[in-house]
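Heads up, the sequence shown stops at 292 in our numbering, and the numbers go up one at a time, no gaps. Using N, Cα and C, we set each Cβ at its ideal position, and we do this for glycine too. Before any comments, here is the structure.
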Amino acid sequence: MTDLDIIDLRILDLLQHDARVTTKEIGDKLGLTITPISIRIRRLEETGYIRRYVAILDKEKIGKKQIAFTMVQLLEHSQAALAAFEQASVKFREVMESYRLTGKFDFILKVAVRDLQEYNNFLTDRIASQPNIGAVQTSFVLWEGKVDTAYPLDFPTIPSKTTTPSRRSSITDPRKPAKKKR
């Protein structure tokens with residue numbers, strides 16, 4: 111992340127929290143015009159810092175009320191065996207996230223389904239039908255304490271002439287509008 115300056119970080123922070131924010135709104139918050147903001151966003155997209163833009167759906171409204179975390183242990187741990195399960199798991203439509211782990215289990219899958227019957231079908235038709243499955247353990251989500259899609263970004267400290275927080279530049283907090291120069 112060394113090639114990003116504080117403006118880039120502020121743009122990323124704003125877009126993570128609301129991908130529909132306009133370049134004008136970003137410019138207003140950061141005290142810049144639309145053109146440099148557009149150039150920076152395009153560069154962030156081209157260099158892969160921004161991978162895509164998405165809409166986060168309400169799982170209740172779309173009928174995917176049951177979230178499960180399924181841990182999978184494989185019998186064999188060769189590169190081919192690990193790669194085969196990895197490739198299969200990312201194709202399952204119920205799997206929202208798939209991670210390879212250290213420890214007792216080799217993979218954890220975040221699974222979204224309608225109900226327990228749909229999860230049972232997923233488990234028996236998708237997971238159990240894979241070769242090399244040793245053990246499977248599932249935990250169902252009972253309560254969501256925090257769900258966030260925005261990564262915490264480390265902002266460099268901007269030296270200021272004063273130490274009072276109220277005198278800091280708006281660039282230190284992208285959610286506050288920039289003060290208009292008089």
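DSSP, read as helix, strand or coil, puts L154 in helix. Counting the other CB atoms within 10 Å of its CB gives A222 a total of 16 or more, which places it among the buried residues.
Per DSSP, reduced to three states, the secondary structure at I166 is coil, with no helix or strand assignment. In the three-state reduction of the DSSP assignment, K174 falls in the coil class. In this structure, DSSP gives S239 a state outside helix and strand, which the three-state scheme calls coil. Three or more beta-carbon pairs separated by less than 8 angstroms link the segment 112-124 to the segment 145-155, which places the two stretches in contact.
The beta carbon of A245 sits closer than 7 angstroms to those of Q183, all from its chain and outside the five residues before and after it, given in chain order. Listed in chain order, the non-local C-beta contacts of G137 below 7 angstroms within the same chain comprise T143, I144, I147, local neighbours out to five positions each way being set aside.
Per DSSP, reduced to three states, the secondary structure at A222 is strand.
Rounded to whole angstroms, the separation of the alpha carbons of K134 and L167 is 26 angstroms.
The beta carbons of F217 and R210 sit closer together than 7 angstroms. With a cutoff of 7 angstroms on beta-carbon distance, L192 and S208 are scored as not near each other.
A residue is called buried when at least 16 other Cβ atoms come within 10 angstroms of its Cβ; E204 meets this threshold and is buried.
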